[in-house]
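The block underneath contains the structure these notes are about, expressed in structure tokens.
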Amino acid sequence: MSDRFIPLIDERSLTHPLLVPQNAVQAKGILSDQRQRPLRDLRISVTDRCNFRCQYCMPKEVFDTHYKYLPHADLLSFEEISRLSQLFVAHGVKKLRLTGGEPLLRKNLEVLIAQLSRLKTPDGGPLDITLTTNGSLLSKKAQSLKDAGLQRITVSLDAMDDQIFKRMNDVDYPVEDVLAGIASAQKAGLGLDAQGHFSGLKINMVVKRGTNDQEILPMIRYFYGKGMSLRFIEYMDVGSTNGWQMKEVLPSKELIERVAQSFDIEPLQSQVAGETAKRFGFKNKLGQLDPSLGEIGVISSVTEAFCGDCNRARLSTEGKLFLCLFASEGYDFKRLLRSGANDEELTSAIAQVWGQRQDRYSEIRAHTTTLGESAPKDSLTKPRVEMSYIGG
Ligand code: SAM
Ligand code: SF4
Ligand code: SF4
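If you're matching positions, the sequence shown starts at 0 in numbering that gives the first Met the number 0 and goes up one per residue.
Written as structure tokens, this is what we have:
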């Protein structure tokens, strides 16, 4: 085998102590961490299992038949997820993203979506509920997800070329089936906005230099004119198993320069604070921005840290709250829930945990890692949870 690093400890067992604070805290619709960042976005991992083995996320060598996934009793139930979500929403969370692992593998996920879609923000508004999927079960599930109340969806697709895509998912899964899933999502009206564009239907492509960067332009050509948003994600050093190397990262700046040689694009204003993607629109033949052509976005998690306004928390499959994608320990909300904590105690615990938050991993990495160096140093080398467990 290559130089892949396989962890000898299971980071899932690392847990920050989580005690109910002495003084009860009321939810006021806004929380602030140590760097004055609010909590707006909760990503919920509903399963740690997946039917793909993307090399950058769940490499086959590690996630093989011997890998111990969480037993069902350790997963948060739908009722537990809904109860916690409601308390997070009271603290100002406006967006819930279901993820995993592959979220569509969780049985009866529609039941959870229906429960979540009944939640309201403190001022009575609707929540933004979305889901990230590899698309493999979408043809079957798009309509029932929509009927359950899902509004938006993100589908991951890393290449148009079948051979390259199969190599990346490592289970021989064909492009054609993901495209069929995307078509079903459109047919069900997932992501359709008032203007008749699919602005809430996003396609995520992780770009690895030397593996699929030749697929950037074919991907744009395929999705051009379909009203969707195609986003290019820099390959990240999440987890400890993917053998990440800086030389395999294609900086977004370089990606945009390449795209601009073939397409007339223009930067778009950000829509909401804490937006992870820098967005670009396409101009039509008259030189005007035309939303019906769709848009592209770049997520520069490695080369341009956006920790400064990171308003995201992640709830792992077994109910641990992680304050950063690169954290090594989570706060065990499942234990608190199952010990009989009441809503006031849980609300206070959320406020305490977020109030202490200082995380800014990407900023620290940016200061210590320069292009060409392969390994992050010192504080950056603590064991980290896998993305399939914590949720992307
Ligand atoms: N299975 C679903 C999927 O693939 O869309 C949801 C979970 S996946 C962990 C969420 C997102 O994280 C996907 O878009 C995936 O491509 C991205 N991702 C996983 N590992 C990554 C890495 N090392 N660098 C950048 N993005 C990654
Ligand atoms: Fe599965 Fe998504 Fe990870 Fe690929 S990126 S292995 S589809 S969880
Ligand atoms: Fe947020 Fe952590 Fe990513 Fe920074 S590194 S943007 S704090 S998740």
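Backbone N, C-alpha and C define an ideal beta-carbon position, used for all residues, glycine too.
Since the structure is predicted, the reported quantities are computational estimates derived from the model, not experimental observations.
- Contact check for residue 170 against residue 55 fails: the beta carbons are separated by 8 angstroms or more.
- Uninterrupted beta strand (DSSP E) stretches at least 3 residues long and entirely within the stretch 278-362 occur at 294-298, 311-314, 319-321, 329-331, given in chain order.
- According to the DSSP assignment, residue 229 belongs to the beta strand (DSSP E) that extends over 228-233.
- A direct Cα-Cα distance of roughly 7 angstroms separates residue 24 from residue 350.
- The beta carbons of residue 385 and residue 240 sit closer together than 8 angstroms.
- In the displayed model, residue 367 falls within a helix according to three-state DSSP.
- From the listed residues 234, 49, 86, 69, the smallest Cα separation to residue 28 is found for 86.
- Closest option to residue 248, judged by alpha-carbon separation, among 263, 228, 303: 303.
- In this model, residue 88 and residue 229 are separated by some 28 angstroms (Cα to Cα).
- Secondary structure in the stretch 9-93: the beta strand (DSSP E) runs of 3 residues or longer, each lying completely within the stretch, are 40-44 in chain order.
- Under the three-pair Cβ rule at 8 angstroms, the stretch 93-112 counts as touching the stretch 123-135.
- Minimum Cα-Cα distance from residue 387 among the listed residues 348, 325, 338, 278 corresponds to 325.
- Residue 153 sits close to residue 201, with the two beta carbons spaced by under 8 angstroms.
- Under the Cβ criterion (8 angstroms, minimum of three pairs), the stretch 305-314 counts as touching the stretch 34-43.
- If you compare the alpha carbons of 34, 297, 272, 155 with that of residue 258, the shortest gap goes to 297.
- With fewer than 16 other CB atoms across the displayed protein chains lying within 10 angstroms of its CB, residue 22 is exposed.
- When C-alpha distances from residue 251 are compared across 347, 215, 342, the shortest belongs to 215.
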